[in-house]
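Under the UniProt record's numbering, the letters of the sequence shown match residues 1 to 427, in that order. Take a look at the structure below.
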Amino acid sequence: MTLLDAMEKEFRAYNKEYYENAINEGKITVNGVRVSPEYKLEHGMQIEHATTRVEPPILDLPVDIVFEDDSFVVVSKPPSMIVHTGGGYHYNCLSAILHFEHGLKDLYVLHRLDRLTSGLLIFSKNRLLAQKFHDANSKLNVQKTYLARVQGNFSEDIKENNKPQYCVSMKDAIFACCKEEDAQKLDAKSATTKFEKLWYDPISDSSLLECKPITGRTHQIRVHLADLGHPILNDIGYGGKFIGNEIVNRNFKGLKQESIRQKDVLEGEVLEIVGKKVKLNTQGDELQKEKTNVDQNQEEPKLLQNEQQEIVSQDQKEKVEQQIQQGQEQEQQIEKQEQQEQQIEKQQEQQQQQDQQQNQQQQQVQNNTKNKLHQQQYGNTSLLNDCLSGKEEWDYHKHPLEIYLHSWKYLFNGQEFKSKEPYWYYI
C-alpha cells in the first residue's frame, strides 16, 4: 500500500487532494524522511503528520443548565455540538464548554446524543454513581421522550416500530432495520420505539411526533423512522430531506431558542414561512400612504385665467421635453458605461484564464519533480502556515448543523426533567 492510499483510507479527516499536497510539501513523513505519495509502506514504519488544526464550526448557542445538585447536572445541548472531544473537536464540544464557561469539570455522561441532535443530557458528578446507573439501567424506571419533525403525513395508526436493528457500516456509523428471521444472520439487536403524532402541516408536508425509545440502540429513532418511510428532516444520513439550517437564518442573536418566533423579524423584511413569502409594510410605505390620503383630502385649486393657463401649459411642456431629453442622454451614458465595463470584465476573465493555465503548468512541473524524489531527507523544511481545513470553503447552506430531533423529557428513579421545546415545535 502506498503512503497516499493509507492516508486516504485510514484517516478521513481530509480529502485525497490534501494528503497528496501535504506529502509533497513535507508535512507528512515516514520515519522522519520526506517521501513521495507513491512511497510503498512496510510493517513497522512510523508516519508523522504536522498540521494546524482548525475545529469545525458549531452554532453559537447557549448551553442551558436545567438542573444541578451535588450528584447530577442536567443540561440542554444545542444542535451541531458533540458531547466529548474527538473527531477534530477539542473546544467546540459540550464537555469543554461546560468546563470553561460553567466551571463544571470531571463529569460523567449517563447517556449520549448525536452531534446534530439537541436536548437533554444528564451528567453525574461521581464516577461510582455513573457506573451504578449504567449497571442498573435495565432495572431502573427509565423513560425517554423525544420530539421529531419528519417528512410526510405520518399515519396516526402507526404506534410502534419493533424491527431489529443491525450495523450496515461501522466505519460510517450507518444502521438499518431487518426482518426478525434475518436478525441472527445479520447479528441484529432488538429495538422498539413508540410513536405518537402531534400534528401535520400540509404546507411543508411534515409531521411532528413524540417518540419514546424503549430500547437504547445507536441511532434507533432515526433508523426506525427511516424504515417507516418518514425520515427526520435534515437527516441526510438516513434519507431525510435537507431543508437548510433554518436556525442560522433566524434572528436569534442574544435570544434563547425557545423565544424565537415568527414575530422576531425586522420591519421591511421578506419572510419565508413554510413555503410562503409575506411582505411587511416598511415605514416608507406608510409615509407614502399617508401622503396619498392627504392629497385626496385637499380642496381642488382654483382655475387660472385662460391666458395664464396657456403660459403655464407651455412652460410645463418645455420642461417635460427637456426632462425627456436629459433622461435619454443619461440612458445613453449608462448604456455606454455598461458596455465599457463588460469589455473590461471580459478582458480580465481572459487574463485570469491565461494566468490559471500558466499556474497549472508550473504546478504540474513541480509535482512531477517532487514525485521523483522518493527519499529526500526532511531537514529544516519550513511548514506552510496555512492548512487546507482552514482554506476549504464551509457552506452552511450545504452542511447540516441540526436535524429535527430533540431530547425532550427524561424520567428515571422518579425524577422527571424536561427541556424547552425547539423552535420547529411551533411552526
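The C-beta atom is built at its ideal place from N, Cα and C for all residues, glycine as well.
TODO: Assuming Tyr423 contacts Leu120 (C-beta within less than 8 Å), just tell me the rounded distance between them.
DONE: With a Cβ gap of about 17 Å, Tyr423 and Leu120 do not count as contacting.
Measure the alpha-carbon distance for Phe242 versus Tyr404 and round it to whole angstroms.
10 Å
With distance defined between alpha-carbon atoms, name the residue in Tyr14, Arg34, His84, Met81 nearest to Thr52. Tyr14
At a cut of 8 Å, does the segment 27-45 reach the segment 69-78 through at least three beta carbon pairs?
no
(Q) I'd like to confirm the pairing. Which residues does DSSP put opposite Ser36 in its beta bridges? (A) BP columns for Ser36 are empty, so no partner.
Give me, in chain order, the residues of the same chain whose beta-carbon lies closer than 7 Å to that of Glu20; leave out the 5 immediate sequence neighbours on both sides.
Leu4, Pro37
*So Ser76 is in the beta strand (DSSP E); what residue range does that whole segment cover?*
72-77
Handout entry: Range covered by the alpha helix (DSSP H) that runs through Arg222
Key = 220-227
* To do: Please name the residue in Glu156, Val223, Asp157, Asp106 whose C-alpha comes closest to that of Ala173.
  => Val223
For Trp199, the residue or residues it bridges with in DSSP:
Leu208
* Near Phe133, what residues of its chain come up, given a Cβ to Cβ distance below 6 Å and the 5 sequence neighbours on each side ignored? -> Leu110
- [ ] To the nearest angstrom, report how far apart Lys189 and Glu68 are at their CA atoms.
- [x] 34 Å
ask   = Pick from Gln165, Met1, Gln340, Gly244: whose alpha carbon is nearest that of Leu41?
value = Met1
Next on the checklist: Check for me: the beta strand (DSSP E) holding Gln165 runs from which residue to which?
Outcome noted: 165-169
- Limits of the alpha helix (DSSP H) - the one that Ile18 falls within: Just to set this straight, residue 18 is Tyr in the shown sequence, not Ile. Segment 16-24, the alpha helix (DSSP H) holding Tyr18.
Q. Taking buried to mean at least 16 other C-beta atoms within 10 Å of its own C-beta, is Ser382 buried or exposed?
A. The pLDDT assigned to Ser382 is 39, lower than 50, so where the model puts this residue is not dependable; a value taken from the coordinates is nonetheless given after this. Ser382 comes out exposed.
In angstroms, rounded to a whole number, what distance separates the CA positions of Gln325 and Gly240?
-> 59 Å
CA-CA distance, Asn161 and Asp182? 16 Å
### Where the alpha helix (DSSP H) through Ser95 begins and ends
94-102
**Message:** With H, G and I counted as helix, E and B as strand and the rest as coil, what does DSSP make of Ser419?
**Reply:** coil
**Asked** the ligand MG heavy atoms versus the CB of Asn21: any closer than 8 Å?
**Response** The ligand MG is absent from the structure shown, which contains no ligand whatsoever.
Checking 9 Å against the spacing of the C-beta atoms, do Leu59 and Glu421 come in under that value? no
Taking only three categories from DSSP, how would you classify Asn161? strand
If you run the structure through DSSP and keep just helix, strand and coil, what is residue 489?
The displayed coordinates of the chain run from 1 to 427. Any statement about residue 489 would go beyond what the structure contains.
**Item:** Contact under 9 Å by Cβ, Tyr146 with Phe123
**Value:** no
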